[in-house]
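Written below as structure tokens is the structure these notes are about.
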Amino acid sequence: MREIMIGRLLSDVILWRDQIENDCADVESLRDLFEKGGWTAAVDFPTVMCYESLMIAFPEAKIIHTERMTSEQWWDSASNSIMIVANLFPFNVLHAVVPFLKIRKDMVNAMWSRVLGGKKVTISDDDFPQAYKEEFLAAYEANNARVRKVVPRKRLLVQDHSRGWTDLCRFLNKEVPDVPYPHSNKRRDFYRFAYKMAFKFIFNVVAALGMFAFLMYKLSRLFIKNNKVKNS
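Have a look at this one:
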């Protein structure tokens with residue numbers, strides 16, 4: 005998702021929205037997205053919505069799955085970050101006026117609807133996500149169970165972060181790096197990134213409005229000048 009936001013990859017947002025709305029059925033399009041884009045790995049949403057189709061598209065690919073200690077821990081994290089950020093200022097305003105973010109909102113709506121088994125939800129609703137807490141908790145548990153069921157054991161690692169690099173590097177046949185095991189997606193990091201992107205969008209909107217106003221000013225001056233010439 006970070007790469008989509010940083011690069012403002014509108015075509016990717018549209019593709020993911022359409023894939024999610026259609027149960028990730030277009031395996032060829034998913035394969036093309038990764039191969040043509042040069043992507044060799046993906047993390048988190050929206051990719052995880054289509055992991056079973058991606059397993060077909062890339063039969064040698066490995067799956068690294070993480071789980072919280074409890075579903076309530078997952079809920080506390082998700083419901084205080086990715087589920088609500090679009091309703092906070094200035095994100096709520098930007099989602100209403102910036103075309104890229106409006107389409108991204110459609111993708112996110114499709115994503116959470118699919119998580120809830122096809123129930124149509126909208127992230128801008130006042131009762132989202134709290135009204136669906138029990139359903140989200142059940143969906144989280146069901147997803148963990150399904151991953152363990154459908155992913156072949158040789159292709160799956162359920163990563164325990166407390167073990168650091170050990171299991172991960174063995175699973176990927178890589179040497180253990182001489183750097184600490186990272187933890188870079190804490191809640192404050194999420195909001196720091198989100199607000200950074202918001203201010204970039206605000207700057208671009210203000211710059212576009214300023215350019216439009218400048219052009220209108222120049223055109224009006226030219227119009228006035230031409231009228232003076234005609235009247236003289």
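Here the working numbering is used: the first residue of the sequence shown is 5, the next is one more, and so on.
The beta carbon of each residue, even a glycine, is placed where N, CA and C say it ideally should be.
These figures come from a predicted structure and were not determined experimentally.
query: Residues near G122 by beta carbon distance below 6 angstroms, same chain, minus five either side; result: none
query: Per DSSP, cross-strand counterpart(s) of Q163; result: T70
query: Where P50 sits in the DSSP three-state scheme; result: coil
query: S81 versus N96 - alpha carbon distance; result: 20 angstroms
query: Y136 burial status per 10 Å Cβ neighbour count (16 or more: buried); result: buried
query: Within 9 angstroms, strictly: CB atoms of A114 and K106; result: no
query: Distance, S15 Cα to L172 Cα; result: 32 angstroms
query: Span separating the alpha-carbon of V183 from that of G168; result: 11 angstroms
query: Per-residue DSSP class, three states only, for C173; result: helix
query: C-beta neighbour in chain C for R225, strict 9 angstroms; result: Among the protein chains of the structure shown there is no chain C, as only one such chain exists.
query: Helix, strand or coil at I8 [DSSP, three-state]; result: helix
query: Rounded straight-line distance, which links the Cα of P50 to that of P181; result: 28 angstroms
query: Cα-Cα separation between E4 and Y185, rounded to whole angstroms; result: Outside the shown range of the chain (5 to 236) lies residue 4, about which nothing can therefore be said.
query: Anticipated Cβ contact below 8 angstroms, I88 with V112, distance rounded; result: Actually they do not touch by this definition, with Cβ atoms about 11 angstroms apart.
query: For W43, three-class secondary structure by DSSP; result: coil
query: Assigned secondary structure, P94 (DSSP; H/G/I helix, E/B strand, else coil); result: coil
query: Between the CA atoms of V151 and L19 - distance to the nearest angstrom; result: 23 angstroms
query: Presumed contact (8 angstroms Cβ cut-off) between A143 and L120, rounded CB distance; result: 6 angstroms
query: Rounded straight-line distance, which links the Cα of V47 to that of L13; result: 16 angstroms
query: Where P63 falls, given that 16 or more other Cβ within 10 Å makes a residue buried; result: exposed
query: Runs of alpha helix (DSSP H) lying entirely within the stretch 96-124, each at least 4 residues, in chain order; result: 103-119
query: Backbone CA spacing between Y149 and P94 [nearest angstrom]; result: At residue 149 the sequence reads Ala, which differs from the Tyr that was named. Going from the Cα of A149 to the Cα of P94 covers about 37 angstroms.
query: Limits of the unbroken alpha helix (DSSP H) element including D80; result: 75-82
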